[in-house]
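**Q**
2 protein chains.
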Amino acid sequence: MKDSELSTRLRGPVRIVGTGLLGTSVGLALRGRGIDVTLADASPSALALAVDYGAGRKHRDTDVPALIVVCVPPDVTADIIERELQHFPRAVVTDVASVKLQPFHELVSRGVDLTHYIGSHPLAGRERGGATSARADIFYGRPWVICRDEETPAWALSLVEDLALDLGSTPIEMTPQEHDRSVALVSHVPQVIASLLATRLIDAPDTAVMLAGQGVRDTTRIASSDPALWLQILRANSEPVVAILRSFKEDLGTVIEALEAEDVESDPAPGARRVIADTIAAGNIGVSRLPGKHGQNHRFESITVMVDDKPGTLGHLLTDLGEIGVNMEDLRLEHSPGAQIGFAEISIVPEVKQRAITDLVARGWRIAGL
Amino acid sequence: MKDSELSTRLRGPVRIVGTGLLGTSVGLALRGRGIDVTLADASPSALALAVDYGAGRKHRDTDVPALIVVCVPPDVTADIIERELQHFPRAVVTDVASVKLQPFHELVSRGVDLTHYIGSHPLAGRERGGATSARADIFYGRPWVICRDEETPAWALSLVEDLALDLGSTPIEMTPQEHDRSVALVSHVPQVIASLLATRLIDAPDTAVMLAGQGVRDTTRIASSDPALWLQILRANSEPVVAILRSFKEDLGTVIEALEAEDVESDPAPGARRVIADTIAAGNIGVSRLPGKHGQNHRFESITVMVDDKPGTLGHLLTDLGEIGVNMEDLRLEHSPGAQIGFAEISIVPEVKQRAITDLVARGWRIAGL
Numbered sequence: 001m002k003d004s005e006l007s008t009r010l011r012g013p014v015r016i017v018g019t020g021l022l023g024t025s026v027g028l029a030l031r032g033r034g035i036d037v038t039l040a041d042a043s044p045s046a047l048a049l050a051v052d053y054g055a056g057r058k059h060r061d062t063d064v065p066a067l068i069v070v071c072v073p074p075d076v077t078a079d080i081i082e083r084e085l086q087h088f089p090r091a092v093v094t095d096v097a098s099v100k101l102q103p104f105h106e107l108v109s110r111g112v113d114l115t116h117y118i119g120s121h122p123l124a125g126r127e128r129g130g131a132t133s134a135r136a137d138i139f140y141g142r143p144w145v146i147c148r149d150e151e152t153p154a155w156a157l158s159l160v161e162d163l164a165l166d167l168g169s170t171p172i173e174m175t176p177q178e179h180d181r182s183v184a185l186v187s188h189v190p191q192v193i194a195s196l197l198a199t200r201l202i203d204a205p206d207t208a209v210m211l212a213g214q215g216v217r218d219t220t221r222i223a224s225s226d227p228a229l230w231l232q233i234l235r236a237n238s239e240p241v242v243a244i245l246r247s248f249k250e251d252l253g254t255v256i257e258a259l260e261a262e263d264v265e266s267d268p269a270p271g272a273r274r275v276i277a278d279t280i281a282a283g284n285i286g287v288s289r290l291p292g293k294h295g296q297n298h299r300f301e302s303i304t305v306m307v308d309d310k311p312g313t314l315g316h317l318l319t320d321l322g323e324i325g326v327n328m329e330d331l332r333l334e335h336s337p338g339a340q341i342g343f344a345e346i347s348i349v350p351e352v353k354q355r356a357i358t359d360l361v362a363r364g365w366r367i368a369g370l
Numbered sequence: 001m002k003d004s005e006l007s008t009r010l011r012g013p014v015r016i017v018g019t020g021l022l023g024t025s026v027g028l029a030l031r032g033r034g035i036d037v038t039l040a041d042a043s044p045s046a047l048a049l050a051v052d053y054g055a056g057r058k059h060r061d062t063d064v065p066a067l068i069v070v071c072v073p074p075d076v077t078a079d080i081i082e083r084e085l086q087h088f089p090r091a092v093v094t095d096v097a098s099v100k101l102q103p104f105h106e107l108v109s110r111g112v113d114l115t116h117y118i119g120s121h122p123l124a125g126r127e128r129g130g131a132t133s134a135r136a137d138i139f140y141g142r143p144w145v146i147c148r149d150e151e152t153p154a155w156a157l158s159l160v161e162d163l164a165l166d167l168g169s170t171p172i173e174m175t176p177q178e179h180d181r182s183v184a185l186v187s188h189v190p191q192v193i194a195s196l197l198a199t200r201l202i203d204a205p206d207t208a209v210m211l212a213g214q215g216v217r218d219t220t221r222i223a224s225s226d227p228a229l230w231l232q233i234l235r236a237n238s239e240p241v242v243a244i245l246r247s248f249k250e251d252l253g254t255v256i257e258a259l260e261a262e263d264v265e266s267d268p269a270p271g272a273r274r275v276i277a278d279t280i281a282a283g284n285i286g287v288s289r290l291p292g293k294h295g296q297n298h299r300f301e302s303i304t305v306m307v308d309d310k311p312g313t314l315g316h317l318l319t320d321l322g323e324i325g326v327n328m329e330d331l332r333l334e335h336s337p338g339a340q341i342g343f344a345e346i347s348i349v350p351e352v353k354q355r356a357i358t359d360l361v362a363r364g365w366r367i368a369g370l
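Chains as they are written, first to last, in our numbering: chain A, 1 to 370; chain B, 1 to 370.
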């Protein structure tokens with residue numbers, strides 16, 4: 001796929017305010033499609049860095065942007081939106097903050113005319129922030145929530161939709177309330193829980209962390225996120241987050257009581273046993289609600305191939321898969337400490353599994369579990 | 001690596017009681033090294049299946065095992081250990097249950113002579129159970145905790161160590177108490193928390209789960225585990241699990257209070273703000289305690305290469321990496337919904353990063369973020 005083959009919906013100049021991870025990434029993506037991008041940032045050195053990265057050019061006083069994308073931290077988002085609406089009365093202003101109701105309320109309470117403002121939120125990001133982590137492709141295939149209201153003119157809405165589409169995202173319309181409740185559930189609460197879980201490890205004996213496997217790694221991975229950013233997000237969305245955390249705490253209390261009712265010498269109340277089993281079973285149902293890796297609900301099957309820990313071995317395997325004509329949906333490499341051998345777990349559609357195994361074995365590969 | 005090249009420490013016959021995931025996997029691994037394995041299971045059909053899989057042969061009355069590996073569910077582990085010690089007074093009996101203190105207490109309270117019993121626990125497993133999920137390699141590179149006491153004869157200890165080493169594991173000596181506290185922290189509590197978190201998703205609107213990203217997926221992945229097995233594990237290790245869950249609940253209560261103190265209209269107490277930021281910061285410290293992917297503490301750097309969603313493309317990339325002479329430490333494939341392009345994130349040692357990028361670009365690959 002060459003950049004020059006891409007057609008765009010948006011016409012520039014697009015003005016981006018704030019050149020952190022998201023602002024720089026938006027700039028890189030639009031520039032990659034040949035759209036004129038102007039950049040602004042409160043920090044001259046952050047601005048210069050983003051320009052050097054190729055995310056756009058420094059804004060000039062004569063520039064008249066059609067669309068402004070505010071990519072600043074949540075606690076100053078409302079201020080910057082208000083300023084941009086005043087400076088550029090003809091432009092449509094959107095923002096990418098991960099909370100939508102608070103800035104909206106703040107702008108309404110200040111009496112700002114919001115006809116040209118449409119809040120939005122691309123569900124994209126990385127654990128590392130800043131322009132140096134920016135990538136043109138982080139929006140690709142991700143949802144981009146757009147919060148319009150009845151007064152939003154259709155032409156203004158379509159500008160923000162064009163932005164999402166040009167960046168490869170899928171626009172989804174939601175009210176600010178719907179959005180904030182949704183991200184509380186799938187993003188903000190998991191962050192709090194992962195941080196609290198990882199906190200248990202601080203004073204763990206070395207021997208205990210030596211036993212850590214993939215489970216505790218996965219459940220705590222996002223605990224490495226930025227405290228300053230998350231303070232802002234959690235403060236701004238505290239109401240729905242608290243509601244979910246309260247239900248979590250209540251259920252946690254029930255599990256603790258049930259476990260305390262356990263007595264290994266005697267037989268515990270059958271009710272306690274049931275609470276524990278029901279807790280794990282409810283988790284089974286909950287996790288099944290998440291869409292599959294590709295946003296679909298059908299499952300892939302996997303084949304695990306044993307690969308020597310030598311340069312090129314995995315390459316040969318995947319070349320063989322290509323020659324066999326099997327398209328991997330996902331690949332996960334497991335590599336044990338100090339081991340001379342690793343495991344490549346390949347996800348494929350069920351229809352080709354048997355043929356893939358037969359052909360791989362015929363080419364000399366060892367399939368785990370066979 | 002050919003199986004025939006492997007030398008073994010153990011001499012057979014090794015008797016395996018219980019042919020679920022772990023028992024069948026131990027059998028497959030020992031058979032792969034040419035060791036005579038006899039199998040027993042309360043279920044004749046489960047036993048026949050494991051024999052068909054090649055995990056060993058059916059036990060005969062004339063067999064005199066040197067080592068017995070009890071691989072039955074936690075709630076019957078003590079019973080089976082006692083039975084095996086009685087039937088085979090010269091054999092060393094070990095078990096692989098994920099809780100060590102409860103069966104030990106139970107055996108002591110029954111007055112069983114435990115001179116020939118050594119509890120152990122390989123930190124290995126899969127989300128799917130049963131013989132059909134068994135793999136000879138699941139122990140490879142994983143820790144194998146061995147709980148001896150002062151009365152354990154050295155020759156008996158070395159038999160269990162040999163088992164761990166023959167299966168590619170790293171033997172680690174711990175007391176049953178140390179073991180149970182450690183797995184409570186790195187396995188049992190994460191399971192409860194992941195299940196409780198996934199439970200929040202049960203009644204989520206479809207639009208909310210549509211926004212799910214990698215964070216909520218990772219934090220809830222293990223919530224798909226088996227309720228019946230986890231009921232037994234959690235009951236058997238309730239004391240250390242409850243202690244950790246209590247500290248979690250207390251900290252969760254503090255976070256909820258701090259978030260409730262937030263009021264978007266006015267300025268909240270500065271203490272509340274600090275609690276929230278400290279919670280995320282403490283998670284940063286906790287997650288940093290986990291050893292790196294390869295059991296070491298140094299970090300790898302990554303390069304993200306854009307790959308077309310066509311059979312063979314990833315193979316060509318990895319072949320190129322092999323030709324360049326770069327050894328991947330890990331590979332993670334990201335593939336966006338409906339996208340024609342994916343991202344291969346390659347982990348490598350920092351020393352070769354710049355050269356790898358230069359050589360890959362020279363071979364026509366597009367590196368994300370460049």
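Each residue gets a CB set at the ideal place from its N, CA and C atoms; glycine is no exception.
(1) So with Cβ pairs under 9 Å, would you call B/R9 a contact of chain A?
(2) Touching or not, the region 89-103 of chain A and the region 127-138 of chain A, by the rule of three or more beta carbon pairs under 8 Å?
(3) Report yes or no: is there a C-beta of chain B within less than 9 Å of the C-beta of A/D137?
(4) Applying the 10 Å Cβ sphere with the 16-neighbour rule, what's the burial state of B/S347?
(5) Would you mind stating whether A/P190 and A/I138 have Cβ atoms separated by less than 9 Å?
(6) When you compare only the Cα positions, how much space is there between A/M1 and A/P143?
(7) Show which residues of chain C have a CB atom less than 7 Å away from the CB atom of B/I285.
(8) In angstroms with no decimal places, state the Cα-to-Cα distance between B/S224 and B/R289.
(9) Can you list, in chain order, the stretches of the beta strand (DSSP E) that have 3 or more residues and sit fully within the region 83-167 of chain B?
(10) Under 6 Å Cβ to Cβ from B/G23, same chain only, skipping five residues before and after it: list those, please.
(11) Can you check whether the C-beta of B/V186 is within less than 9 Å of a C-beta belonging to chain A?
(12) Taking its Cβ as the centre, do 16 or more other Cβ atoms sit within 10 Å of A/R363, making it buried, or is it exposed?
(13) Can you pull out the residues from the region 229-253 of chain B whose beta carbon lies closer than 8 Å to at least one beta carbon of chain A?
(14) If we count Cβ pairs, one from each stretch, closer than 8 Å, do we get three or more for the region 81-88 of chain A versus the region 107-120 of chain A?
(15) Can you list the residues of chain A that B/D218 reaches, using a CB-CB cut of under 8 Å?
(16) If you draw a straight line from the C-alpha of B/L321 to the C-alpha of B/A356, how long is it?
(17) Of all the residues that make up the region 77-106 of chain B, which are near chain A by a beta-carbon distance shorter than 8 Å?
(18) In this structure, what does DSSP give as the bridge partners for B/L67?
(19) What does a CB cutoff of less than 6 Å around A/E345 pick up in its chain, not counting 5 residues either side in sequence?
(20) So B/Q177 contacts chain A; which residues on that side make the cut at Cβ distance below 7 Å?
(21) For the alpha helix (DSSP H) containing A/M210, list its first residue and its last residue.
(22) Identify the continuous alpha helix (DSSP H) that holds B/P270 and give its terminal residues.
(23) Buried or exposed for B/E161, going by 16 or more other Cβ atoms inside 10 Å?
(24) Between A/T207 and chain B, is the shortest Cβ-Cβ distance under 9 Å, so that the two count as touching?
(25) In the structure shown, what three-state DSSP assignment does B/V349 receive?
(26) Could you check the C-alpha separation between B/I35 and B/P13 for me, to the nearest Å?
(27) In the DSSP assignment, the alpha helix (DSSP H) including A/P176 goes from what residue to what residue?
(28) If the cut is a Cβ gap below 8 Å, which residues of chain A does B/P291 touch?
(29) So A/L197 is in the alpha helix (DSSP H); what residue range does that whole segment cover?
(30) Any chance the region 228-236 of chain A sits against the region 268-280 of chain B, with 3 or more Cβ pairs inside 8 Å?
(31) I'd like to check one pair, B/A50 with B/D41: are the Cβ atoms closer than 9 Å?
(32) By DSSP's criteria, B/P171 is part of a beta bridge. Which residues make up the other side?
(33) Could you tell me which residues DSSP pairs with A/T38 in its beta bridges?
(34) Measuring only the C-alpha atoms, how far is B/H121 from B/V145?
(35) Between the Cα of A/A91 and those of A/E257, A/A78, A/P153, A/I367, spot the shortest distance and give me the residue it belongs to.
(36) Answer yes or no: do B/I276 and A/R235 have a C-beta to C-beta separation smaller than 9 Å?
**A** In this structure, then:
(1) Output row for B/R9: interface = no.
(2) Three or more Cβ pairs closer than 8 Å define a contact, and the region 89-103 of chain A falls short of that threshold against the region 127-138 of chain A.
(3) In terms of beta-carbon proximity, A/D137 lines the interface with chain B, with at least one pair separated by less than 9 Å.
(4) Around the CB of B/S347, 16 or more other CB atoms lie within 10 Å, so the residue is classed as buried.
(5) No, Cβ-Cβ distance for A/P190 and A/I138 is not below 9 Å.
(6) Because A/M1 sits at a pLDDT of 40, beneath the cut-off of 50, its placement in the model cannot be relied upon, and the following sentence gives the value as read from the coordinates. Those two C-alpha atoms are separated by around 22 Å.
(7) The question asks about chain C, but that chain is absent: this structure's protein chains are A and B.
(8) Rounded to the nearest angstrom, the two C-alpha atoms are 26 Å apart.
(9) Segments of the beta strand (DSSP E) lying fully in the region 83-167 of chain B: 92-95, 117-122, 143-147.
(10) Beyond the five residues adjoining it in sequence on each side, B/G23 comes within less than 6 Å, by CB distance, of I16, C71 in the same chain, given in chain order.
(11) It does: the Cβ of B/V186 has a partner Cβ on chain A nearer than 9 Å.
(12) Exposed, by the Cβ-count rule.
(13) Those would be W230, L231, L234, R235, A236, S238, V241, V242, I244, L245, R246, S247, F248, K249, D251, L252, G253, in chain order.
(14) Output reads yes: the region 107-120 of chain A touches the region 81-88 of chain A.
(15) What B/D218 touches in chain A: D218, T219, R221, I222.
(16) Those two C-alpha atoms are separated by around 8 Å.
(17) Cβ contacts with chain A come from Q102, H105, E106.
(18) According to DSSP, B/L67 bridges with B/V14, B/V92.
(19) In its chain, beyond the 5 residues on either side, S302, T304, R332 have a beta carbon closer than 6 Å to the beta carbon of A/E345.
(20) Near B/Q177 there are no residues of chain A at all, since even the closest Cβ is about 12 Å away, more than 7 Å.
(21) Per DSSP, A/M210 belongs to the alpha helix (DSSP H) from 206-210.
(22) Start and end: 270-288.
(23) With 16 or more other Cβ atoms within 10 Å, it is buried.
(24) For A/T207, at least one C-beta of chain B is nearer than 9 Å to its own C-beta.
(25) In the structure shown, B/V349 sits in coil (DSSP, three-state: anything other than H, G, I, E or B).
(26) Cα to Cα, B/I35 sits roughly 7 Å from B/P13.
(27) First-last of the alpha helix (DSSP H) with A/P176: 176-183.
(28) Counting only Cβ-Cβ distances below 8 Å, B/P291 has contacts in chain A at V209, M210, A212, in chain order.
(29) Annotation for A/L197: the continuous alpha helix (DSSP H) segment containing it runs 189-199.
(30) With the rule of 3 Cβ pairs closer than 8 Å, the region 228-236 of chain A counts as touching the region 268-280 of chain B.
(31) Yes, the pair counts as a contact, with Cβ atoms nearer than the cut-off.
(32) Within the DSSP bridge table, the entry for B/P171 names B/W144 as partners.
(33) Partner(s): A/R15, A/R57.
(34) In a straight line, the C-alpha of B/H121 is about 5 Å away from that of B/V145.
(35) Cα-wise, what sits closest to A/A91 is A/P153.
(36) Yes; because the gap between Cβ atoms is below 9 Å, this pair is in contact.
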